[in-house]
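Numbering (our numbering), first residue to last: 5 to 169.
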Amino acid sequence: MFESEDTSTHDQRPIPPPILFGLATTIGWIFDRKALRRSRPPQGATTAVAAGVRVAGGALGAWTIITMKRSGQSPDPKKAKTSLIKTGPFKYTRNPIYVSAALSSISTSLRFGSPTGIILVLFTWIFVDRTTVKSEEEYLRHRFHNEYDAYCDTTPRWLGVKSFR
Numbered sequence: 005m006f007e008s009e010d011t012s013t014h015d016q017r018p019i020p021p022p023i024l025f026g027l028a029t030t031i032g033w034i035f036d037r038k039a040l041r042r043s044r045p046p047q048g049a050t051t052a053v054a055a056g057v058r059v060a061g062g063a064l065g066a067w068t069i070i071t072m073k074r075s076g077q078s079p080d081p082k083k084a085k086t087s088l089i090k091t092g093p094f095k096y097t098r099n100p101i102y103v104s105a106a107l108s109s110i111s112t113s114l115r116f117g118s119p120t121g122i123i124l125v126l127f128t129w130i131f132v133d134r135t136t137v138k139s140e141e142e143y144l145r146h147r148f149h150n151e152y153d154a155y156c157d158t159t160p161r162w163l164g165v166k167s168f169r
């Protein structure tokens with residue numbers, strides 16, 4: 005399943021999770037607009053909340069990329085990981101890129117008044133958790149052994165949500 009220690013990678017996904025989150029948002033918006041005939045985006049407080057969630061998601065994504073590059077790692081999931089990153093956003097969640105993508109998708113659904121989009125993003129999050137994240141964790145456990153297990157013991161898979169191994 006895994007190649008040599010120097011070049012192993014886990015990425016065999018047909019569609020990367022950030023794209024899946026974007027598709028969930030788009031499909032939800034189209035459904036709400038066509039089937040439910042919702043064409044007016046919300047105003048006021050919902051727009052402000054959407055903007056706040058967008059800023060949080062974007063900031064988390066930028067912080068993650070900066071942290072990875074400073075650690076000498078590529079954000080490209082096809083590139084083998086040479087070390088575990090346990091600083092920056094990785095101190096708070098093992099999956100900051102996916103959290104960022106989910107937040108950005110939720111903010112877009114909020115901004116366009118798409119409850120179906122929000123629901124589909126949540127289902128996408130569950131799907132990513134059960135498929136992609138599981139595969140990535142197997143790769144990291146194989147690559148870093150006890151160091152990765154110790155990291156899992158101290159850092160939640162998602163923000164503040166203690167995971168099951």
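Beta carbons: idealized from backbone N, C-alpha and C, even for Gly. Just so it is clear, the structure is predicted and the values come from calculations on it, not from any experiment.
Gly32 - containing alpha helix (DSSP H), residue span: 21-38
Return the chain-ordered list of same chain residues with a C-beta closer than 7 Å to the C-beta of Trp129, the five sequence neighbours on each side being excluded. Ala106
Taking just the CA atoms, how far does Ser113 sit from Pro22? 15 Å
Have a look at Thr136 and Pro45 and give me their C-alpha separation to the nearest angstrom. 32 Å
For Gln47 and Pro20, the rounded distance between their alpha carbons: 32 Å
Considering just the uninterrupted stretch of the alpha helix (DSSP H) at Asp157, what are its terminal residues? 136-158
Which whole-angstrom value describes the C-beta separation of Leu124 and Gly32, a residue pair presumed to lie in contact below a C-beta threshold of 8 Å? 4 Å
Contact between the region 54-67 and the region 134-153 is defined here as three or more beta-carbon pairs at a separation below 8 Å; is this criterion met? no
Pick from Ile110, His149, Thr159, Cys156: whose alpha carbon is nearest that of Thr50? Ile110
Taking only beta-carbon atoms, is Pro81 less than 8 Å away from chain B? Going by chain labels, chain B is absent from the structure shown, which holds only one protein chain.
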